[in-house]
Every structure is written in C-alpha cells, then in structure tokens.
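Worksheet: one structure, shown below.
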Amino acid sequence: MADELRGVVGAADGRLADRLAVGVLTGLLHRELVDEVVEQAGRRERRVRLLPARVMVYFVLAMCLFFGDGYEEVMRKLVGGLRFLGGWSGSWKVPTTGAITQARARLGEEPLRLLFERVGVPLAGPDAKDAWLRSWRMMAIDGVQLELPDTLSNTEAFGKNSHRDRPGPFPQARVLGLGECGTRAVIAARIGPLSVGERELTEQLLPRFQPGMLVMGPPPEWWTR
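Heads up: the sequence shown is residues 1 to 225, going by my numbering.
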C-alpha cells in the first residue's frame, strides 16, 4: 500500500498530489472498515467531537504519508483531500496541535492494531513475480531498529544502544516483520525493546504463519546462538 501511495504522490505536484494520495488512502481503507475497528476497540466517542475517532485513524495513517510535515499541516492535507472528494464540510477549521495531540491520545493504539490485522494479508496472485516457489508462497522475516523521540518514557520502555559504555543519543525500538516476497506486503509485525532479541520476537510471529508459506529467515546458526 505504501508503494502505491508514494506512486500517486509522485504522479503529480503540490495540492493535487496530496488530494489524490488521500483518495487512494480512503479508497483502500474504507469508512465502514475504520468504523468497525474503532467500535471493536471501544473508542467510539459518546458525544460529537471536532476530531472523531474515525478522522484520527486516517490522520495517523496520513502522518506516514506526509511524514515530513507537522500535525496541523498533515491534518490540513487530509481534510483538503476529503473536501476534494466531497466527504468533508467546507466550514471546518484545522484544530491546534494541542487539540490534535489530545485526540490522538484518546484514540490510542488499539484501533490501528486491529486495522493492521484486518488489512495485513498476502497480496500476490498466482502469476506474481518472485512471490512463489512452485506452490509455496514465499515469505521472509526481517528486523530493524528505529530511533524514537528522546523522552524518559521511551528510554524506560525501549532502552538505548550503548557504544564503548556510553548510551546512544536516542532510545530505539526493535521491530520484526513478516513480509511477502515479490509484493513486499508486511502481514504481521512485532515491536519490542532492545533487550528483546529477534529470536524472541520471531516466536511471537509464529501464530501468523499459514499453511502453504515458505518462510525465509537468518541462517541456522543465528537460531542456536
């Protein structure tokens, strides 16, 4: 999905590209699906809000799409795209960064986790290049370490890498994903602190393995260290 969205952004310039990208996003993740995961996560608001949970789900996804922009600019681009598609009132004004931050905190992580579980599925058809070995669907596990904002809570939760007995400048999270070869669609992921190794995270991914998958990973000696 990310590659498709980036392709849309690259196909045009400026405001039109942003609007088209939002259109692809909302087309792939339709409103009914977002409402379902919000309801399942218990995040449905009890009163009318300026920033309802559904909008905040799309906002978090739009932050990945417009990753170089601040909160208010991302919201402005998201709303601009929705207006362009005829799905937003023209009288609405972009809230402040503080209001967006509070709305994001109310949303929490659960709706996004549920949404990922619903849409994170293999995509390759029978003729997809590099996705099959005979009848086996080719999958791979791989990990990465991501730098996080240097806050006390992040440091306590994830830890910092050290070099020559000196802590690194930023806390880091260890992320391990299960992806489909060929399409590069990630169907499952686990996030942990640096103290948890990739082998332990792989064990957490085992329930997402499916019959007919051929899963590639590091060499055998990695598993026995």
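Even for Gly, the Cβ is constructed at its ideal location relative to N, Cα and C. Computed from a predicted model, the values in this text were never measured in an experiment.
Straight through space, the alpha carbons of W132 and A105 are spaced by roughly 41 Å.
The C-alpha of M213 is placed about 11 Å away from the C-alpha of L178. With a cutoff of 8 Å on beta-carbon distance, R31 and G81 are scored as not near each other. In the structure shown, the three-state DSSP call for R104 is helix. With 16 or more neighbouring CB atoms inside 10 Å of its own CB, C181 falls in the buried class. Look at Q210 here: in three-state DSSP terms it is coil, with no helix or strand label. In the structure shown, R174 adopts extended strand secondary structure according to DSSP, grouped into three states. In summary, F67 is exposed, with fewer than 16 beta-carbon neighbours lying within 10 Å of its beta-carbon over all protein chains present. Taking every protein chain shown into account, the CB of P111 has 16 or more other CB atoms within 10 angstroms, so this residue is buried. Short of 7 Å from the beta carbon of V74, and not among the five residues preceding or following it, lie these beta carbons of its own chain, in chain order: F59, A62, M63, F66. Under the three-state reduction of DSSP output, V94 falls in the coil class, being neither helix nor strand.
When the five nearest sequence neighbours on each side are left out, the beta carbons in the same chain lying within less than 8 Å of the beta carbon of D130 are those of M138, C181, G182, in order along the chain. Sequence-distant Cβ neighbours of R49 in its own chain, meaning closer than 8 Å and more than five residues away, are A103. In the DSSP assignment, V196 falls outside any alpha helix (DSSP H), carrying neither H nor E. The straight-line gap separating the alpha-carbon atoms of L107 and E39 is approximately 11 Å. Look at G168 here: in three-state DSSP terms it is strand. Looking only at V144, D35, F158, the smallest Cα-Cα distance to D150 is reached by F158. In this model, R199 and G143 are separated by some 10 Å (Cα to Cα).
From the listed residues V175, S195, V119, the smallest Cα separation to K160 is found for S195. In terms of CA proximity to A99, M56 leads the group M56, L123, I141, G27. Contact between F170 and E156 fails: their C-beta atoms lie close to 14 Å from each other, not under 8 Å.
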